[in-house]
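Here's the structure, in structure tokens; my notes come after.
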Amino acid sequence: MRSRTARADELTEVQRIEVASGAPFREIGMTDVADMPPLPLDVLVAAQRDGRVRVAVDVADRPVGFALVDLVDGCAHVQQLSVEPAYARRGIGRGLLDEVAGWAAGAGLPALTLTTFRSVPWNGPYYARCGFRELTGAEVTPGLAGLLAAEAALGLDPADRVAMRRPVA
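Add 70 to the 1-based position in the sequence shown for my numbering, that's all there is to it.
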């Protein structure tokens with residue numbers, strides 16, 4: 071797989087990938103998560119204009135995965151990482167994370183951060199295998215704490231949410 075910055079005409083496809091990647095949550099009884107709407111188009115448009123949406127593409131140059139990155143507390147924050155389920159377990163997500171880490175290093179940022187489910191196998195445990203570690207206590211920066219609080223307000227169980235960090239160097 072190769073990746074590149076998303077084009078403006080691919081953002082509805084990015085939304086479709088996000089929705090499709092939520093289906094496995096239904097299989098583990100997390101229907102509320104599976105039924106969450108994708109990122110709003112205006113958010114994706116702004117991120118795409120800033121070059122913060124990377125897509126992994128197949129041989130026909132069709133997006134099959136994406137990463138959306140923000141800046142939170144001086145780190146590159148992976149707001150969303152999604153891979154089309156038919157392309158799962160092929161290293162696409164890890165490749166996108168490595169590309170984002172390269173971008174962050176080039177921008178002089180010290181780390182990648184994200185928030186995720188601690189107990190879902192393709193979330194917390196997966197990210198740990200990709201070099202992230204769970205932040206505890208005072209390690210959780212104000213921006214990450216705000217994101218976790220916003221997620222709780224959306225109905226995500228705060229006991230199963232975690233902030234994680236991966237150094238880029």
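Glycine included, every Cβ here is placed at the ideal spot set by N, Cα and C.
For serine 73, the residue or residues it bridges with in DSSP: Answer is Ala126.
Alanine 241 versus alanine 208: straight-line alpha-carbon distance, rounded: A query on residue 241 cannot be resolved here, the shown segment of the chain reaching from 71 to 239 and no further.
Residue of Ser73, Thr82 and Val103 minimising C-alpha distance to arginine 231: Distance from the Cα of arginine 231 is smallest, within the candidate group Ser73, Thr82 and Val103, for Val103.
Glutamate 221, DSSP secondary structure in three states: helix
Pair within 8 Å by beta-carbon distance, leucine 151 and leucine 167: In contact: leucine 151 and leucine 167 (Cβ atoms closer than 8 Å).
Boundaries (first-last residue) of the alpha helix (DSSP H) holding phenylalanine 95: In the DSSP assignment, phenylalanine 95 falls within the unbroken alpha helix (DSSP H) covering 93 to 97.
Counted within 10 angstroms of its Cβ, other Cβ atoms place glycine 186 as buried (16 or more) or exposed: Going by the sequence as given, residue 186 is threonine instead of glycine. Result: buried.
Contact the stretch 173 to 182 vs the stretch 151 to 161: 3+ CB pairs below 8 Å: no
At least 3 beta-carbon pairs within less than 8 Å: the stretch 213 to 228 vs the stretch 123 to 131: No: the two stretches stay apart, fewer than three of their Cβ pairs being nearer than 8 Å.
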